[in-house]
Structures are given as structure tokens and as C-alpha cells.
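To keep things clear, I will list the structure first and then write my remarks on it.
Here you go:
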């Protein structure tokens, strides 16, 4: 039983055949190295991120969570149909940390460690009630809340003390 690739057994007719055979070999090697097609990888990443609020709501209140593109752990989750559990390897902090993912495929249970990226959400100041022109702001009129990075503007106030004892010039 000969296990050599067909290219060695058949040989080449001309340069065109040589090029086509070489291209096929490269495509097969690329698919073998990357166990998942991009669509499958994206589907698994979406499943993990969708499961995150069920197990780590407190993390989502303080951090934006993403999964870096180069992430070998995702490959071990090929065929994932359901995420059953997620566990952080350490306390949440800005940067990359490991996330243990447990789930199921059609045939068996799977688990893998996936690297995730956490970015602390900016905290901005909101009013707790409607305020009229001429009102003087107090600490009880204000609350600090995190917002998505995509909504943050550097002009937003981030410190309650900047607003305490200030007069409202437009209704808020």
C-alpha cells in the first residue's frame, strides 16, 4: 500500500499540469493546518460570546469582550452545537486571559481553553432624574455608568466631582 501523494505516482505531462497539481496540494495543506473554515470559526465565536452574559454578566458590565483572531483553542470546538459552561482562568482585568469553554457537538462533549481579550469600559456620568435650568447638581442627582467603547466620546464627563455644585444651564 503506497502512501505517497498522487503527484509522485503520476508525474507531470507539462508545466500547466505541474502548476495545477501544486495548487491542489497547497489548498489541501492549508485546510489541514486550519481545522476550521472562517464561517465555522465565526459561528463558534458568536456562540461563546452569546453564552457569556449567562455566566459572567458582571464582567460584561465592566469590560468589552472579544476573541482574538489567532486562537488555537477554537479549533478544538469544531462542530460545537451548544456552549454549556464558561470559566475564566483568573479575575477579569484589561488584557488577554484564558477562558475554559465546555460544550457539546452532535456526537460528544468538547472542551477547550480559548484566549479572550478584555478591555475595561469607560465610565461616564449620567443624571438620575430630569433636571431643569437653574438646578444645582448634587451627588445624588448623578450616577457613574460604563458605556460601550464605540459610544464613548472624550468630551463626556467621567468624574462626578466635576459636576457637583454646578448650575444646570439647559434641561437635562
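In our numbering, the protein residues as written are 36 to 207. The beta-carbon is built from N, C-alpha and C at its ideal position, and this holds for glycine as well. Bear in mind that the values here come from a model prediction, so they are computed numbers and not experimental data.
Excluding residues up to 5 positions away in sequence, 178, 180 lie with their Cβ nearer than 6 Å to the Cβ of residue 161 in the same chain. Spanning the alpha carbons of residue 200 and residue 163 requires a straight line of approximately 15 Å.
DSSP, read as helix, strand or coil, puts residue 131 in strand. For residue 117, the secondary structure class from DSSP, reduced to helix, strand or coil, is strand. By the neighbour-count definition (other C-beta atoms within 10 Å, threshold 16), residue 171 is an exposed residue. Under the three-state reduction of DSSP output, residue 146 falls in the strand class.
The beta carbons of residue 118 and residue 151 sit no closer together than 8 Å. In the three-state DSSP reduction, residue 94 falls in the helix class (H, G or I). In this chain, residue 140 is not harboured by any beta strand (DSSP E), its DSSP state being neither H nor E. Residue environment analysis places residue 191 among the exposed positions, since fewer than 16 neighbouring C-beta atoms fall within 10 angstroms of its C-beta. Annotation: the continuous beta strand (DSSP E) that includes residue 179 extends over 177-181.
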